[in-house]
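Take any residue in the sequence shown, note its place counting from 1, add 509, and you have its number in this note's numbering. Presented below is the structure to which this report refers.
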Amino acid sequence: MKIIIVNGPNLNLLGKRENNIYGDETFMEFYEKLQKKFPQIELEHFQSNIEGELIDKIQEVGYSYEGIILNAAAYTHTSVAIGDVVKAISTPVVEVHISNTFSREEFRHTSFISPNAKGVILGFGLQSYELALQSFLATE
Ligand code: DQA
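As structure tokens, then:
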């Protein structure tokens, strides 16, 4: 089963960015543990700070992979184009957020991705990604 984690802007700064909200661990530290924990999954990771690169990657994998775990970060709340590509592809997308966006500023309460996502997992720290991965295994 091929699953990709697609991370949007500023998520390359995990571990040194607003640690009170996003924690102390870098994404790569967490990702290596996740790969070891789920050896049966062909897990990939892609991160970009650029909207079009995220769209290109989602188009590239969106008709062949079994799942996409998408944290579009701030683009979640602004990008019609990322919402559109999630709607266009056939691979199911689980939207994740590290923080509980509903307990934060009002502009984080809307998502262009949620209406076309298979489901949404948020507020569990980096564990949100693991829960998303488990959701694909549960519905295999
Ligand atoms: C985030 C929440 C977004 O509102 C924010 O812009 C991010 C990270 C999260 O994972 O909690 O960059 O997607």
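Heads up, the beta-carbon is just placed ideally off N, CA and C, and yes, glycines get one too.
Residue i to residue j span [Cα, whole Å]
i	j	result
Tyr531	Gly524	7 Å
Glu575	Tyr584	23 Å
Glu551	Leu543	11 Å
Ser608	Glu614	12 Å
Gly571	Val515	12 Å
Ser637	Arg526	18 Å
7 Å Cβ shell around residue i - same chain, five flanking residues per side excluded
i	result
Phe611	His618
Ile564	Ala590, Ile591, Val594
Bridge partners - residue i, DSSP secondary structure assignment
i	result
Asn516	Gln556, Asn580
Glu551	Lys511
Where residue i falls, given that 16 or more other Cβ within 10 Å makes a residue buried
i	result
Ser588	buried
Residues near residue i in its chain [Cβ-Cβ closer than 8 Å; skip 5 each side]
i	result
Phe536	Asn516, Leu520, Asn521, Leu523, Gly524, His554, Gln556, Leu635
Val663	Shown here, the chain extends from 510 to 649; a query on residue 663 therefore has no answer.
Spatial neighbours of residue i in its chain, beta-carbon cut-off 6 Å, leaving aside the 5 residues before and after
i	result
Phe539	Leu635
Inset, instruction - Write down every uninterrupted run of the alpha helix (DSSP H) in the stretch 595-633 whose length is 4 residues or greater and which is fully enclosed by it, in chain order. - result: none
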